[in-house]
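Below is one structure; the comments refer to it alone.
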Amino acid sequence: MSDLALSLIVAGCVFSGGVVGLHLHRVLPPHHLAKETLDVIRLGTGMVSVLASLVFGLLIATAKSGADSAAHDMRAYAADTILLDRTLRGYGADAAEARMLLRRTTERTLHDLWPRPGENFVGIDDPSAADLLAGVQGAIDALHPAGPQQTWLQQGALQQSSSLVRQRWLLIEQEGPNVQPTILAVLITWTFAIFVSFGLNAPRNATVVGAFLMTSLAIGGAVFLILEMDSHFEGLLRLSELPLRNALAQLGGADPS
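Mind the numbering: the sequence shown is residues 22 to 278 in the numbering used here, read in order.
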């Protein structure tokens with residue numbers, strides 16, 4: 022299910038809470054709607070509203086923190102790619118195969134994460150890209166340094182390639198959702214209950230229904246933002262491809278677009 026569809030379902034559930042409250046206001050016996058009863062309902066609703074606000078803030082902060090961390094790791098991955106290529110360039114012509122494999126790895130990763138229109142999204146955990154990156158390390162390890170300088174460059178390239186592998190695994194680990202569906206479900210249940218109480222205390226007219234609709238859409242929009250920020254490589258708020266494209270340009274490879 023897409024993030025937009027799920028957000029619209031959330032908005033519909035919240036709005037239905039207000040409608041249920043309006044219906045209960047009409048069918049409940051008068052003594053159930055006495056001032057003392059409504060005061061108790063307002064107190065309980067206030068407590069749940071505070072809890073819901075805190076959880077909403079926690080979910081937004083969690084999703085934003087995960088997105089920022091993934092963006093930082095992507096920039097680090099791109100920077101490590103450039104540094105590794107420059108080290109191999111300094112080694113000399115013998116490192117041409119490793120540089121070619123590094124360029125192919127970068128092109129493959131770019132294609133996997135930001136495919137052209139009509140192509141399937143593969144994601145960062147692509148075995149083909151992993152094999153290419155392993156080939157880079159193998160090509161570096163197979164070099165035969167002719168002197169102390171090339172030995173130093175080879176050791177540096179091996180360390181940088183290991184850092185590249187580490188950054189890739191960090192991105193893989195961050196690809197999964199950080200927002201737990203159970204927490205989101207509990208939050209929506211609380212919000213539904215809050216809107217039921219709103220309906221109990223509200224007159225039954227078009228203005229109230231319109232207010233419920235606008236508020237429920239706003240809550241659905243907040244859920245949409247949370248889900249989009251939690252999807253690092255897909256959706257409207259996916260990570261920028263510029264760091265990796267800039268790295269590819271530094272490698273001298275043709276832009277795949």
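Each residue gets a CB set at the ideal place from its N, CA and C atoms; glycine is no exception.
Beta-carbon proximity list for residue i, same chain, < 6 Å, skipping 5 on both sides
i	result
Leu80	Val200 and Ile247
Ala116	Leu109
Leu257	Glu249
Gly38	Phe213, Phe216 and Val217
Gly113	none
Val230	none
Three-state class that DSSP yields for residue i in the structure shown
i	result
Arg259	coil
Ser28	helix
Trp135	coil
His253	coil
Met235	helix
Met22	coil
Asn267	helix
Thr172	helix
CA-to-CA distance, residue j to residue i, given in whole angstroms
i	j	result
Ala275	Leu105	Any reading at Ala275 is ruled out, since the residue's pLDDT is 38, under 50, leaving its predicted position unreliable.
Arg189	Ile103	15 Å
Ala243	Arg266	31 Å
Arg129	Val76	39 Å
Leu263	Leu134	12 Å
Val289	Thr203	The structure shown does not extend to residue 289, since the chain is modelled only from 22 through 278, so no value can be given for it.
Pro277	Leu154	Note on Pro277: pLDDT 37, under 50, position unreliable in the model; no value is reported.
Leu27	Phe245	8 Å
Leu179	Leu272	18 Å
Glu140	Gly177	37 Å
Asp89	Leu192	12 Å
Asp152	Pro169	30 Å
Pro136	Val143	8 Å
Tyr98	Ala84	21 Å
Gly65	Leu221	13 Å
Gly67	Trp211	11 Å
Val31	Asp24	10 Å
Ile161	Arg107	13 Å
Ala206	His132	35 Å
Leu49	Ala82	40 Å
Leu111	Ala167	The amino acid occupying residue 111 in the given sequence is Gly; Leu does not appear at that position. Taking the straight line joining both Cα atoms gives about 13 Å.
Sequence-distant residues of its chain with Cβ nearer than 8 Å to residue i (five each side left out)
i	result
Leu29	Gly241
Leu208	Ala73, Val76, Phe77 and Leu80
Pro198	Asp251 and Ser252
His165	Asp115
Gln195	Gly87, Ser90, Ala91, Asp94 and His253
Contacting residues, own chain, Cβ-Cβ under 7 Å from residue i (five flanking each side not counted)
i	result
Leu260	Ala91, Ala92, Met95, His253 and Phe254
Phe36	Phe233, Leu234 and Ser237
Ala268	Ala99, Thr102, Ile103 and Thr127
Cys34	Ile209 and Phe213
Val157	Ala119, Leu122, Leu123, Thr126 and Ser182
Alpha helix (DSSP H) runs wholly inside the segment 186-224, at least 4 long, in chain order = The segment 186-224 contains these whole alpha helix (DSSP H) runs: 202-221.
Looking at C-beta atoms only, is the number of pairs between the segment 54-61 and the segment 184-191 that lie closer than 8 Å three or more?
-> Below 8 Å, too few C-beta pairs join the segment 54-61 and the segment 184-191 to call them touching: fewer than three.
Are the segment 141-149 and the segment 164-179 in contact at 8 Å, needing three or more beta carbon pairs?
-> They do not touch, by the three-pair rule.
Tell me the start and end of each unbroken alpha helix (DSSP H) in the segment 96-170 that is at least 4 residues and wholly inside, in chain order.
-> At a cut-off of 4 residues, the continuous stretches assigned as alpha helix (DSSP H) that sit fully inside the segment 96-170 are 117-134 and 148-162.
Mind the definition here: the segment 213-232 touches the segment 113-125 only if three or more C-beta pairs lie below 8 Å; say whether that holds.
-> Verdict: no, contact absent.
Could you say if the segment 34-43 and the segment 222-230 meet the contact criterion of at least three C-beta pairs nearer than 8 Å?
-> Cβ pair count under 8 Å is three or more, so yes.
Beta strand (DSSP E) segments (min. 3 residues) lying fully within the segment 34-91 | Correct list: empty.
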